[in-house]
Amino acid sequence: MRAAKSAYPLTWRIMDALEAFAAFVWPARFGRAIPWLMLAPALLLVGLLVLGLWLIGDASLRTLDTSTFLMSETYTLANYRRAFTESLFAVVAWRSLAGSLMVTAATLILAFPYAYVMVRTSSPVIRKLLLIALFLPFFIGQVVRAYGWLIILGNQGMVNEALSLVGIAPIRLLYNYWAVLFGLVQYMLPFAVLMLAPALTAIPEELEAAAGSLGADWLRTFRHVVLPLARPGLVGAGLVVLTLSLTDFAMPAILGGGSQDFIANAIYDQFFRTSDQGLGSTLALLLVATGSLLVGLVFTLFGAGTLAMGRARQ
Amino acid sequence: MREDKLTSLMLRRRRFLQGAATIGGVAGLSSLGLSSAFAQEPEKPKELIVRAWGGSWVDALKAGVSDSFTAKTGIAVRHDLTEDNEIQPKVWAAVAQGRVPPIHINWDTTTNATKSALRGVTEDLSDLSNLKNTTDLAKPVGLDGYPIVNTYGYVYVLAYRPDAFPNGAPKSWKDLLDPKYKGRIALYNDGIGFHFPAQVAGGGKLEDIPANMQPAWDFVAKMKEQQPLLGEDPDFTTWFQKGEIDAACTISTNAREAKKNGIDIKWIVPEEGAKFDTDGLWIPKGLPANELYWAKEYINHSLTVEAQQIWLDGLGLPGVVPGVNPPADLVDDPSYPTTEDAFKHLIRISSKVQVENESEWFSKFKAIMQG
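Going line by line, the protein sequences match chains A and B. Position 276 of the first sequence, counted from 1, bears residue number 937 in the working numbering, the numbering being contiguous throughout. Position 123 of the second sequence, counted from 1, bears residue number 292 in the working numbering, the numbering being contiguous throughout.
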């Protein structure tokens, strides 16, 4: 007797065929390789980065011959000697490091209350407004934002025009170190809020209520309950802001007036102005090393924060 | 199968007839004396890519050279506005790897172009027919042959806002050391254009360049106390327009551009002199033969009086072909030298000396200004 068509529908047959095809292409005995297959894109990406670093490392050991503008055939540590002995690079490195630390501290201080209000507010309207204000800057690039500050803070900008209304002569607000740091803080703020918000959401509101019911005022609750529990978010946000600030190029270039270079600007100069790829590579490697050391130090002292993806809590 | 063979035979026959017709045509034209023109003209590319600076710079090139070249040859010209410093490593990498370079012609500073010439990535342009009509300025100093053709010169003038100098125009670079100009001066961020006049203003001699430039660094250190802004070409025009600066060491074209935009601005060549330099056109190695031919034709065209007149009217700069007249607003202007006497006040140092020492000068200037 012939089986009814509904007993084994066409869709099942298609699935069988697909399964058979899949078994042919990827037999079950290959199953253990699936995790590696899924990791392959990431490994490829990391591999390319390592290859790039290797090539940069190779270039860093070669000097530029200015009679032919070719790199030397032999290896030398001359570029590293220049990087460690020339005052220009010490000044720029110190400025970048100090600047990124100050920007990180200021950004976290400003981002924390913003993220806290955004997470805890009971008003959906306020939460939406804060979210819109947070995401809007992401649609505007860093360079455009920096040029925006030129319009606002320039000699003929909005701030100086407002000051002139009360009889104050124009003040040079741009083209100095503080202008660069100000621009960086404004640029980093959304990143920090986005990193902090999940950590603050994970703190049960009941804990704060319990602290209050036991007699703790708002300040003690914040200091002994909220702040320690928000540590993973603070560490994660701090790391992101620190590394992005340390390697920033556009803000020092646009708001610094040419005299407030960070390391990235010095690297650009070597690659594209003096055509010295060797020295540029050396500075790039030293920047990578400095950033890695800082991140390692923070990991050692405070853990990886939210970047540990929950492992830190185990 | 038989049909295939037939088609193939027909195609071959068609090709043969086409070829024969072409040969016949060329033979006919030859009798009319046009054979040499056709023999010299390889296949035309659809377009030539010329790297250029943006804004008024590319507008002037387009109006003066590119449009008339297209009208003459039918070859479109695309302008690639990648920065000169950024196209350089791309071209160098392409030549080193045996790839076709990303541009056909590079409009470049002579200093930058000299680096490429020393590296051996430039085509020789000695066979351009219009070179015989050019002045000595077209020849790059310190290099063999014509790896670059200089197309005009320019002066790094002292540009100033007359309002800020109520007692009259500045006469010397030292006038900028007046404390009232603190934070109101601008220089190029690598010091280009300022090193050589600083050598004179600092009490040194031009003959001592590059062996002893301490007077220049001493003067740059004094200028550092004035907290100058450091920027690039577009910054100067913007800063003048926004009232951020009163004076700058900049290429006269930038000052003229600000003036065209309605800013009250003048410029001088100070008593210590001002740096005179050139820009040029060059072709990277690695182009297919026909594209190389037409790229050379483009540069050859840029050396005609007609092309130079329109191009350099736009830039306000003196060309390399006799017979080009200065724009009305620049007649007898020190930034538009046309006589031997006018050149006496300008400082010109060989590009080879400049590129060999640029890195060191750049580092010293930066070290002073970033300190």
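All C-beta atoms, glycine included, are put in the ideal place defined by N, C-alpha and C.
Asked, Found
"Run through DSSP, which three-state label would His514/B get?", "coil"
"In chain order, which continuous runs of the alpha helix (DSSP H) of length 4 or greater are located wholly inside the region 711-775 of chain A?", "739-746"
"Hey, is Arg833/A's beta-carbon within less than 8 Å of any beta-carbon in chain B?", "yes"
"Is the CB of Phe730/A under 8 Å away from at least one CB in chain B?", "yes"
"Within the 8 Å Cβ cut-off, does Asn740/A reach chain B?", "no"
"Taking a contact to mean a Cβ-Cβ separation below 8 Å, would you say Leu472/B touches Ala464/B in this structure?", "no"
"Which ranges would you report for the beta strand (DSSP E) in the region 420-477 of chain B if only whole runs of at least 3 residues count?", "435-437 and 443-451"
"What's the call for Leu888/A, buried or exposed, on a 16-neighbour Cβ count within 10 Å?", "exposed"
"Extract the residue ranges of the beta strand (DSSP E) inside the region 889-928 of chain A, only unbroken runs of 3 or more that lie entirely within it.", "none"
"Give me the residue from Glu440/B, Gly483/B, Phe512/B and Ala476/B with the minimum Cα distance to Leu327/B.", "Glu440/B"
"Since Val764/A and Ser953/A are thought to touch, with beta carbons under 8 Å apart, how far apart are those beta carbons, to the nearest angstrom?", "Not a contact, Cβ separation roughly 19 Å."
"Can you give me, in chain order, the residues of the region 406-424 of chain B that have a beta carbon less than 7 Å from any beta carbon in chain A?", "Lys411, Gly412 and Glu413"
"Leu795/A and Pro865/A: beta carbons closer than 8 Å?", "no"
"Quick one: using the 10 Å Cβ neighbour count with 16 as the cut-off for buried, is Ile675/A buried or exposed?", "exposed"
"Hey, quick one: how far does the alpha helix (DSSP H) through Arg288/B stretch, first residue to last?", "Thr279 to Arg288"
"If you check the beta carbons only, do Val264/B and Asn275/B fall under 8 Å apart?", "no"
"Helix, strand or coil for Ala190/B? Go by DSSP, reduced to three states.", "Unreliable placement is indicated for Ala190/B, whose pLDDT of 42 sits below 50; the coordinate value is still reported in the next sentence. Three-state DSSP puts Ala190/B in a helix."
"Would His470/B be called buried (16 or more neighbouring beta carbons within 10 Å of its own) or exposed?", "buried"
"Helix, strand or coil: which one does DSSP assign to His273/B?", "coil"
"Could you pull out every residue in the same chain whose Cβ sits closer than 6 Å to the Cβ of Leu499/B, ignoring the five residues on either side in sequence?", "Gly485 and Tyr505"
"Just to make sure I have the definition right: I need the residues of chain B whose C-beta is within less than 7 Å of the C-beta of Thr935/A. Which are they?", "Glu527, Ser528 and Phe531"
"Quick check: what's the CA-CA separation for Val219/B versus Ser728/A?", "27 Å"
"Please identify, using Cβ separations under 8 Å, the residues of the region 279-300 of chain B that lie next to chain A, in order along the chain.", "Lys284, Ser285, Leu287, Arg288 and Gly289"
"Is the region 295-304 of chain B in contact with the region 270-285 of chain B, if contact means three or more CB pairs nearer than 8 Å?", "no"
"Please list, in chain order, the chain B residues whose beta carbon lies closer than 7 Å to that of Val752/A.", "Gln539 and Gly540"
"Taking 8 Å as the threshold (beta carbon to beta carbon), is Gly993/A in contact with chain B?", "Limits of chain A in this structure are 662 at one end and 975 at the other, which puts residue 993/A out of reach."
"So, under 8 Å CB-CB, Gln396/B and Ile432/B are touching, yes? Tell me the CB distance rounded to an integer number of Å.", "In fact, because the Cβ distance is near 22 Å, the residues do not count as touching under 8 Å."
"In this structure, how does DSSP classify Ile537/B when only helix, strand and coil are distinguished?", "helix"
"Identify the continuous alpha helix (DSSP H) that holds Arg881/A and give its terminal residues.", "Trp879 to Thr882"
"For Asp387/B, which of Glu525/B, Asn319/B, Asp501/B and Trp530/B has the nearest alpha-carbon?", "Trp530/B"
"For the beta strand (DSSP E) that Gly322/B lies in, which residues bound it at each end?", "Val318 to Tyr329"
"Please specify which runs of the alpha helix (DSSP H), each continuous and at least 4 residues long, are wholly inside the region 805-854 of chain A, giving them in chain order.", "819-826"
"Going by beta-carbon coordinates alone, are Pro339/B and Ala416/B separated by less than 8 Å?", "yes"
"Give the residues of chain A in contact with Asn254/B, contact being defined as C-beta atoms less than 7 Å apart.", "Phe933 and Arg934"
"Out of curiosity, what's the CA-to-CA distance linking Ala385/B and Lys521/B?", "19 Å"
"Suppose you measure from the CA of Pro379/B to the CA of Val369/B; what does that come to, to the nearest Å?", "13 Å"
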